[in-house]
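> Numbering (the working numbering), first residue to last: 390 to 629.
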């Protein structure tokens, strides 16, 4: 890691209303999963976020990525080029895996062609990166297949490749291991580790996986506990 922060949270509180259907208590209830949080995400780190269902893991990721505003406090970024991998396989069924991966490149290239102030990416360089990533993530054999003929794990690794191919500064992943068996989860986590250590990408991963498993892959782990952030491991070592 470079020691440079890419995301900084200053006194961030996340709070929102949720429906409550309990007879006389029916109505809106204020839920505050995180209160007065101060933390940084460092360039080059692989940060995992753990916590029970409903603890606010995804809300924290949304605030970190600018998708959602905090109730109070501020979020600062020293990078604005983000990639996303969700628990859903967001691939167009009529396109091949190769076409799905390259779709953002084609869309950006078409947009840049109409703007003389931009510089289109070199197609040959993009294809070289594609070859590198698909071989590293073991999906070279499915490039000409359509998503419905591929496993969920293969589709998730294709989504990770799509995020990497556009040189995103930070990859945000929201429980991408959902619906995968144990072997599939380990293979996917290993792919994220490769993206971090092999390609230098900063990773922020929300997961329900046990922290003892996550610290085999991530460089730092935090857990949401009692509306606070608790660091639970760093560089493979658990923190009591």
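Don't be surprised by glycine CBs; every beta carbon is placed ideally from N, CA and C.
Please confirm whether residue 497 has its beta-carbon closer than 9 Å to some beta-carbon of chain D.
Of the protein chains in the structure, only one exists, and it is not chain D.
> To the nearest angstrom, report how far apart residue 436 and residue 607 are at their CA atoms.
Start at 1 with the first residue of the chain shown, and residue 436 comes out as number 47. Start at 1 with the first residue of the chain shown, and residue 607 comes out as number 218. Whole-angstrom Cα-Cα distance: 6 Å.
> Whole beta strand (DSSP E) runs in the region 539–624 with 3 or more residues, listed along the chain?
Correct list: 559–563, 591–595, 609–614, 617–623.
> Looking only at DSSP bridge pairs, what is residue 419 linked to?
Taking the chain shown and counting its residues from 1, the one referred to as residue 419 is at position 30. Looking at the DSSP assignment, residue 419 forms a beta bridge with 406.
> Can you check the region 437–520 for any beta strand (DSSP E) of at least 3 residues that lies completely inside it and give the ranges in chain order?
As far as the region 437–520 is concerned, its whole beta strand (DSSP E) runs of at least 3 residues are 461–466, 471–474.
> Taking the alpha-carbon positions, what's the residue 570 to residue 598 distance?
Start at 1 with the first residue of the chain shown, and residue 570 comes out as number 181. Start at 1 with the first residue of the chain shown, and residue 598 comes out as number 209. Distance between the alpha carbons of residue 570 and residue 598 is about 12 Å.
> Considering only C-alpha positions, which residue in the set 615, 613, 626, 585 is nearest to residue 431?
For this step, residue 431 is matched to residue 42 along the chain shown. Ranking 615, 613, 626, 585 by Cα distance to residue 431 puts 585 first.
> Buried or exposed for residue 407, going by 16 or more other Cβ atoms inside 10 Å?
Your numbering for residue 407 matches position 18 in the chain shown. Label assigned to residue 407: exposed.
> With 16 other CB atoms within 10 Å as the buried threshold, where does residue 590 fall?
Counted from its first residue, the chain shown places residue 590 at position 201. Answer is buried; the Cβ neighbour count reaches 16.
> What are the residues that DSSP puts in a beta bridge with residue 532?
The sequence position of residue 532 within the chain shown is 143, counting from 1. Answer is none; residue 532 lacks a bridge partner.
> Is it a yes or a no for the region 474–484 touching the region 556–567, going by three-plus beta-carbon pairs under 8 Å?
Counting Cβ pairs under 8 Å, three or more are found: they touch.
> Short of 8 Å in beta carbon distance, which residues of its chain neighbour residue 583, apart from the five on each side in sequence? Order them along the chain.
Here residue 583 refers to the residue found at position 194 when the chain shown is read from its first residue. Same-chain partners within the cutoff: 525, 526.
> Evaluate contact between the region 479–487 and the region 572–579, counting only Cβ atoms and requiring at least three cross-stretch pairs below 8 Å.
Contact between the region 479–487 and the region 572–579 is absent, because fewer than three Cβ pairs lie under 8 Å.
> Mind reading off the beta-carbon distance from residue 423 to residue 596? Whole number of angstroms is fine, and I expect it under 8 Å.
As a position in the chain shown, residue 423 is number 34, starting the count at 1. As a position in the chain shown, residue 596 is number 207, starting the count at 1. Wrong, their Cβ atoms sit about 17 Å apart, outside the cutoff.
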